[in-house]
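*Asks:*
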Amino acid sequence: MNIKTNLSQTQLVGLVLLISLLVFSCLIGWFSPYSIDEQNLAIRLASPDSLHWLGTDNFGRDMMTRLASAILLSFSLSLLCVISSLLLGVSLGVSAAWVGGRFEQSLNIVINILLALPGLVLVLMLVAMAPGSFAVLYLAISLVQWTEYYRVSRAMTRTLINSPELQLSAMMGFGKWYQFKRHIWPTISPSIFTMAAFGGANAILTMASLGFISVGIQPPLAELGLMSVELFPYYIEAPWVLAQPLIVVALVVLGFHLLAGSQRESIN
Amino acid sequence: MWALVKRQCFQLMLVIWGVGTLTFVLMRSLPGDMAYRIAASRYGQDNVDSAAAELVRQELNLDQSVFSSYLSWLTDLLQFNLGNSLVSGLPVIELVQHQLGHSLLLAIFGIMLSALIALPLGVWSAQKGGAVNTALVWLSTATRAMPVFVLGLLLILLFSLRWQLLPVAGFGTWQHLVLPSLTLAISLAAVSNRVVHTSTRQVITSSFYRFSRVKGLNESQTFVRHGIRNIAVPVVAFIGVQLVSVVEGIVMIESLFSWPGIGHGLAHAIFARDIPVIQGCALMMGGLFVLLNGVIDLLCHTIDPRGQQER
Amino acid sequence: MTDVSYDEIAKKKSLIRYSLLAAAIVLCSIFGLWSNQAPQSNLNKSNTLTISGPWEISSLEPSQQGYILTRMQVLETLVNVNSSGELTPGLALNWQVSDDGLSWLFTLRNNVKFHDGTLLNAAAVVASLGHAQQKHGALNKADIAQIDAIGNNQIRITLSQPYISLAALLTNYSTSILAPASYKTDGDIKTLYGTGAYQMASFSPPHKLTVKQFSGYWAQQAKIPYATYLTGHRAESRLLQAKTGDADIVFTLDPAMLSQLTSNQTVKVHSNLIPRTLFLKLNNSHPLLSELRTRQALDLALDRHSIATNVLHAQGSETSQVLPRSFAQWYLSDISTSKLNLVKAQALLSEQGWHKNESGILQRDDQPFSLTLMTYADRPELTVVATAIQAQWAKLGIDLKINVTNSSMIPAGHQDGTLELALIARNFGSIADPFPIISTDFSNGGGDWGTMNWHNAQVDNAINQLAREYEPAKRFTLSQTIAKVIHQQLPVLPITSYTQHTSVNQRVQNFKFDPYERNYFINQMAFK
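Residue numbers (the numbering used here), protein chains in the order written: chain A, 2 to 269; chain B, 822 to 1132; chain C, 5 to 532.
#1: Hey, out of C:150, C:217 and C:115, whose CA is closest to residue 527 of chain C's CA?
#2: Is it buried or exposed, residue 1121 of chain B, if we count other Cβ atoms within 10 angstroms and call 16 or more buried?
#3: Assuming residue 356 of chain C and residue 297 of chain C make a contact with CB atoms under 8 Å, what is their CB distance in whole Å?
#4: So with CB distances below 9 Å, who are the chain A contacts of residue 240 of chain C?
#5: Per DSSP, which residues does residue 471 of chain C bridge with? Please list them.
#6: Between the alpha carbons of residue 829 of chain B and residue 117 of chain A, how many angstroms are there, rounded?
#7: Taking 9 Å as the CB-CB cut-off, is residue 1010 of chain B touching chain C?
#8: Are the Cβ atoms of residue 256 of chain C and residue 506 of chain C separated by less than 9 Å?
#9: Note the first and the last residue of the continuous beta strand (DSSP E) segment covering residue 283 of chain C.
#10: Can you round the beta-carbon distance between residue 423 of chain C and residue 509 of chain C to whole angstroms, since I take them to be within the 8 Å contact cut?
#11: By Cβ distance below 8 Å, which residues in the same chain neighbour residue 3 of chain A in space, the five residues on each side in sequence not counted?
#12: Is residue 968 of chain B helix, strand or coil when you go by DSSP?
#13: Pull out every residue of the region 978-1009 of chain B whose Cβ sits closer than 7 Å to any Cβ of chain C, in chain order.
#14: Give the list of continuous alpha helix (DSSP H) stretches no shorter than 4 residues that lie fully inside the region 979-1067 of chain B.
#15: Just the Cα atoms here: how many angstroms apart are residue 277 of chain C and residue 408 of chain C?
#16: Let me know the alpha helix (DSSP H) ranges lying completely inside the region 421-493 of chain C, each 4 residues or longer, listed in chain order.
#17: Use the C-beta contact count for residue 139 of chain C: other C-beta atoms within 10 angstroms, 16 or more gives buried, fewer gives exposed.
#18: Among C:516, C:406, C:418 and C:411, which residue has its Cα nearest to the Cα of residue 134 of chain A?
#19: According to the neighbour-count rule (16 or more other Cβ atoms, all chains shown, within 10 Å of its Cβ), is residue 1132 of chain B buried or exposed?
#20: Can you tell me the Cβ-Cβ gap for residue 259 of chain A and residue 12 of chain A, rounded? I've got them flagged as a contact below 8 Å.
#21: What does residue 368 of chain C pair with, by DSSP beta-bridge criteria?
#22: Starting from residue 207 of chain C, trace the beta strand (DSSP E) both ways and give me its first and last residue.
#23: Here's the rule I'm using: 16 or more other beta-carbon atoms within 10 Å means buried, otherwise exposed. How should residue 237 of chain A be labelled?
#24: Could you give the distance in angstroms between the alpha-carbon of residue 251 of chain C and the alpha-carbon of residue 209 of chain C?
#25: Using DSSP with H/G/I as helix, E/B as strand and the rest coil, what is residue 1092 of chain B?
#26: Taking a contact to mean a Cβ-Cβ separation below 9 Å, would you say residue 398 of chain C touches residue 348 of chain C in this structure?
#27: For residue 969 of chain B and residue 938 of chain B, I'd like the C-alpha separation in whole angstroms.
#28: Find out if the Cβ-Cβ distance for the pair residue 404 of chain C, residue 377 of chain C is shorter than 9 Å.
#29: Counting contacts by CB-CB distance shorter than 9 Å, is residue 1131 of chain B in contact with chain A?
#30: As a quick exercise: from B:958, B:1064, B:1004 and B:858, pick the residue whose alpha carbon is nearest that of residue 1077 of chain B.
#31: Can you grab the Cα-Cα spacing for the pair residue 304 of chain C / residue 448 of chain C, in whole Å?
#32: DSSP on residue 402 of chain C, reduced to helix/strand/coil?
#33: Among residues of its own chain, excluding the 5 on either side of residue 146 of chain A, which ones have a beta-carbon nearer than 6 Å to its beta-carbon?
#34: Going by DSSP, what residues sit across from residue 110 of chain C in a beta bridge?
#35: Can you tell me whether residue 925 of chain B is buried or exposed? The criterion is at least 16 other CB atoms within 10 Å of its CB, across all chains shown.
#36: How is residue 886 of chain B classed by DSSP in three states: helix, strand or coil?
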């Protein structure tokens, strides 16, 4: 497997940041004496002390444990979101450009219709179909994001189709999968990965906006976006508690952006 | 020229039909009894019960088969009748006009403000480079990572509480518009200033730009003559994409500032399974999407008639 | 060798001009659209009272969100109720009931004008009540055979079966009296003409309602010319509106943020008990909940005091009785709220064969003690209390899942039997007398927002007797019996009584809170 080792310094910083957040989360998850739903209403909204290193939330639950669990959950679910939208978008985009003709035209019309449908409607309706399932929520978000991958991969594949190297490979008898692996994928992967990095960060922020309209709340799960919504009323009483999930989200977004690299910031 | 317009019109109609049908199909596949949900939105949680649901079911003829209700919706649509809300009985067109109009107002002002913020910042950071650019990158990322409601809260605390300049929430006067559009503008500008930066850098480091300096034009003349139009194309395309997605993405801002926008209205309509409202909103927004795309394409073509590399 | 033709340039310039013009037209039309919706320009801070609340008003139909219309004093009812729970004259001066309980005679007030200038008379009342019967509302709880106009100022309601609380039903907003000209032929509302101190000025559904004073009001004239009701979705922004003075009166403040207002000089916070109870609705035929001992164990595992003090910030509001203290007839004064007793709860459960497995969940014969609690998001405190209950019962070993959904799913779940547990906030004051609610929801098998699959002969008998009993002492005994049985048998688990927090700006004088939430008494208020 070819692992690209030409990450720039900023990209490396981003990767390190993300990995250290994951490591923090795993360590706390193993060693913490508290669970994420253990309440102690007498010590609610406590500031950091020796018992609770990051303080407690409005139910008296340990913030550090909840943050660790939230990081893991948010990471895994945004990864799910990104992988599903990537697979769908890239496969459809490449096949549309390759096959061309009627298939591409009809797919374009379908895409236009899907794009015209307000994303909020789609997400809320999918959530209503399977209430209470977090994974479905993230899959719904990925259904809104996949069209970008489609557009970019289709545009790039279209120019590649007519390139001499691809035509040569085809003439030499190599199959479609080989052509994809050797020619198309290396060209589109930088842009795709950039979009994936931004998409992962956006997924977490979208969860927060959905939580704001009371969708996706499932106590006592800890999720970064939902935690910032639940702790929002305490912005004066206990601002350090609200700040914690916000800072973690900022670090995650920063990590993803640094990982995405500085050249392609224009692609959102 | 006319062929283009005809094609756009055809596409518009196709998209509207497609969006409407898709919404219809999705709504029908939702589980749960619609009558109960509509009754809950009509009578409030204190008053909703099985008797109310039964009344709603009979009144609205909800036992109608899928095919016949689709057909009746389609015939209504062809007569430009979007129907009445199942919850309030008021015409959908009034509701959509009120809410979509407010959302569009907020979106347009937000985008204009964000352009006012992002353009100078992006150009400045591209021209100066170095420390200014790095500072701006960090600031942009920090702003972008904040959920929009936190940003909105900070602005409220500053402008309404501390300085008592603007109202906290509501609608009706221009003062009510300032804070929500400022919140939207800042969160959009955090992204678009980087686009402007990239585009400007590309133009400034290009050979034709250097040549213009070589042949004798000074900095500002070069920028005005050769810089602006070349910078504009990707920026306008990007802002166009932002505008399209922002109309329904501003749910948080609408909720926080009690702004009567379509995002919040749509969410409530989906919770209440108010099918005519959802379909009406989706249709209008779909049509708006196609129109906006057309306008953006026209603008891009005007700025750079050489044609896009994208399509 | 390129030849630039000036025609090309001219064409391009005209294209640009036209598109700019088109864009300008679009912008202007949007502005026009928006300014069309701008409210009266003669409203300003000095002549308008601004009220903020979490409820939306989607239509002017009184049977739907009519409570906002009565609160804003646009509509009025035949009968009123004062803060002690006594029925007082409204648009009806007095009422009598015949000996057989089937015929009620109401005498109407004289010289009451509707907002369109017409006089209130028996024909208008009969028409209005007739429309109310066609729609969903309180009047359908009684078996009404006929409503007649007797003369010009009396109406007679004839029942098929005696219903002792008929007068109380007429305090509900769904029975408010509208002018005949308000209705379209199909019964929908054309223009709202009521009898209240204020009349409709503008309506922007679902967020804003503006009313202006009605100079022909039959009682105390309003002093403040205009009043606006504005929906505020987020509790945080409503609180900020209270702080900055944007809203003069803010109802339903979030108790979590009250501390921000205590030191504020410009607002005063009123905290009043209202007849709304937070309780757990149980499916009494569910295999895990059918045993009384199990329900007792669940009851003893609830730390009500902690929930009331730390979660709802309303110390002392915890309760073990479904009906609030203000309903003295139904309130058992000699019992105290049950306290947390985990040891006893665990003993009660292990008696029945429940023992904790390795993951800490109670198990009996390979069946874990797993339940799903349903609640709704419209009231944010419900989700918070549900989370607290989840953690409290987890200590007992109960695996509780929480499902936050639409409020209508609770009656739906009751009807199809799939409901296991629900956390609800029931308003027992929506009709002045709780008897209608108790008879439909807590007896004869229960109802959508009351007990579920619970049959108790004692309660059913008492309710049937109560429907025809007029003697106060006997009524008291019967009501107390019903309350006692519900308290002992635990078909529902009450948790706390509600306290409503309202912030009032210092410039508002004579603010009065109605515990039945029927009236904001705006006509009594004045600006300093």
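We put the CB at the ideal spot given by N, CA and C, even for glycine. Just so you know, these numbers come straight off a predicted model, no measurement behind them.
*Replies:* Per the coordinate set shown:
#1: C:217
#2: Sixteen is the threshold: when 16 or more other Cβ atoms of the shown chains lie within 10 Å of the Cβ of residue 1121 of chain B, as they do, the residue is buried.
#3: 6 Å
#4: 233, 234 and 236
#5: Answer is none; residue 471 of chain C lacks a bridge partner.
#6: 14 Å
#7: Interface residue (Cβ-Cβ distance to chain C less than 9 Å): residue 1010 of chain B is not classified as such.
#8: yes
#9: Element bounds for residue 283 of chain C: 271-286.
#10: The Cβ separation is near 43 Å, so there is no contact.
#11: Residue placement at residue 3 of chain A is poorly supported in this model, since its pLDDT is 45, which falls under 50; the coordinates are not used for a value here.
#12: In this structure, residue 968 of chain B counts as coil in the three-state DSSP scheme.
#13: 981, 982, 985, 988, 989, 990, 991 and 993
#14: 995-1025, 1028-1035 and 1040-1043
#15: 26 Å
#16: Runs of the alpha helix (DSSP H) inside the region 421-493 of chain C: 439-445, 461-470 and 476-493.
#17: buried
#18: C:406
#19: Since pLDDT at residue 1132 of chain B reaches only 38, below the 50 mark, its modelled position is unreliable, and the value read off the structure follows with that caveat. Exposed, by the Cβ-count rule.
#20: 6 Å
#21: C:371
#22: Unbroken beta strand (DSSP E) run through residue 207 of chain C: 202-208.
#23: exposed
#24: 19 Å
#25: helix
#26: No, these two residues do not count as a Cβ contact at 9 Å.
#27: So the two alpha carbons sit approximately 17 Å from each other.
#28: Result yes, Cβ atoms of residue 404 of chain C and residue 377 of chain C sit closer than 9 Å.
#29: Residue placement at residue 1131 of chain B cannot be trusted, given a pLDDT of 43 that sits under 50; what the coordinates show is reported in the next sentence. Answer yes: the Cβ-Cβ gap between residue 1131 of chain B and chain A drops below 9 Å somewhere.
#30: B:1004
#31: 27 Å
#32: coil
#33: 86 and 200
#34: C:99 and C:159
#35: buried
#36: coil
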